[in-house]
Amino acid sequence: MLPTAQLTDEERSIYEWQMWVPDFGEEGQRKLKNASVMVSRVGGIGGIVAYQLAAAGVGRLVLAHGGLVKPSDLNRQLLVTHDWIGKTRIESIRRRLLELNPRLEIVAVDENVNEENAAGFVAQADLIVACAPLFPERFAMNRQAILQDKPLIECAMYDLEAHLTTIVPGKGPCLQCIFPEAPPTWTREFPVFGAIAGTVGCMGAMEAIKTIAGFGETLVGRLLRFDLRDMSFRTFNVERQTNCCICGDKS
Ligand SMILES: [Zn+2]
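Residue numbers (the numbering used here): 458 to 708.
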């Protein structure tokens with residue numbers, strides 16, 4: 458069944474070039490318009506995910522990102538600006554997204570995801586993109602995505618490397634099947650370039666668009682790892698673990 462809201466003439470003119478993609482078309486565009494996507498942390502990766510989804514015409518974004526803009530955000534968090542240093546990040550993010558797409562509906566929340574608030578955030582969205590720097594936030598989003606039967610795109614980066622996968626409950630592993638525990642080397646602050654965030658963010662946005670519109674082949678059951686130091690891209694098969702604490706047979 459097609460989503461109810463139709464495209465306006467203005468939207469048809471704005472999204473014309475992507476509607477030329479034959480297996481996407483106007484039906485795919487209507488699905489994006491009717492979709493609500495949650496992005497957990499809208500920083501280096503999540504900012505690019507949100508920007509690309511806003512450009513592509515997703516109807517509603519639910520954004521969770523706390524804190525104030527710091528100078529050290531500016532090399533990669535492209536939705537926060539120099540004039541906003543010391544002010545709330547989420548307001549700068551909202552302002553930049555609406556400059557690009559004033560038709561966008563935004564639920565912007567000045568806090569980060571935790572075990573307590575994750576359920577409420579996930580309930581507001583059709584699809585989740587997990588871009589938080591720390592694993593407890595990612596695990597909280599994964600748990601709720603499985604419980605609420607919603608797809609989740611996982612994007613992460615370190616140095617010149619990144620990984621990406623798409624989780625669809627019942628169709629492959631969840632995040633905790635792939636990473637049973639937080640990697641011990643994972644830290645809040647780490648070496649990275651903005652171009653790495655942008656690369657994996659654009660890929661994550663495309664996985665979200667394909668998942669919502671139902672075309673192409675997503676990374677369900679596969680983990681993509683790449684290293685831009687030597688431009689190597691590798692894809693690994695990943696399987697659901699029957700003893701997983703989140704999606705396993707006994708959980
Ligand atoms: Zn699992």
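No residue lacks a Cβ here, since even glycine has one placed at the ideal position from N, Cα and C.
Could you say which of the options lies nearest to residue i if we only look at CA atoms?
i	options	result
Gln486	Ser470, Asn700, Val496 and Arg682	Ser470
Phe592	Pro608, Arg560 and Thr642	Thr642
Val526	Leu510, Ile624, Gly501 and Gly514	Gly501
Phe672	Glu473, Gly482, Glu556 and Thr461	Gly482
Gly651	Ala587, Gln534 and Leu621	Gln534
Arg595	Pro479, Asn694 and Leu609	Leu609
Glu745	Asp480, Gln463, Ala462 and Ser708	Residue 745 lies beyond the residue range present for the chain, which begins at 458 and ends at 708; the question has no answer from this structure.
Val506	Pro528, Gly523, Asn571 and Leu536	Leu536
Asp583	Leu617, Val519 and Ala512	Val519
Pro637	Ala511, Asn700, Met495 and Leu510	Asn700
Between residue i and residue j, what straight-line distance do the alpha-carbon atoms span, to the nearest angstrom?
i	j	result
Gln698	Leu676	17 Å
Gly658	Cys612	7 Å
Phe647	Leu531	15 Å
Leu632	Gly514	27 Å
Ile542	Glu548	11 Å
Gly524	Ile585	21 Å
Leu555	Leu561	7 Å
Can you name the residues that DSSP bridges to residue i?
i	result
Phe683	Ala619 and Phe690
Glu484	According to DSSP, which records beta bridges pairwise, Glu484 is partnered with nothing at all.
Ala521	Ser497 and Val566
Could you name the residues of the same chain whose beta carbon sits closer than 6 Å to that of residue i, not counting the 5 residues immediately before and after it, in chain order?
i	result
Lys628	Val677
Leu605	Position check: residue 605 holds Gln in this sequence, whereas Leu was assumed. Once the five neighbours on either side are set aside, the close Cβ partners of Gln605 are Val579.
Val649	Met614
In its own chain, which residues sit with a C-beta less than 8 Å from the C-beta of residue i, not counting the 5 before and 5 after it?
i	result
Ala462	Arg487, Lys490, Asn491 and Gly516
Ala597	Val570, Asn571, Glu572 and Ala575
| field | Those runs of the beta strand (DSSP E) which lie wholly inside the segment 607-678 and span at least 3 residues | value | 609-615 and 618-624
| Quick one, what's near ligand 2 if you take every residue whose CB is closer than 5 Å to any heavy atom, in chain order? | Because ligand 2 does not appear in the structure shown, any question about it cannot be addressed here, the ligands present being ligand 1.
| field | Every unbroken beta strand (DSSP E) inside the segment 569-597 [3 residues or more] | value | 584-587
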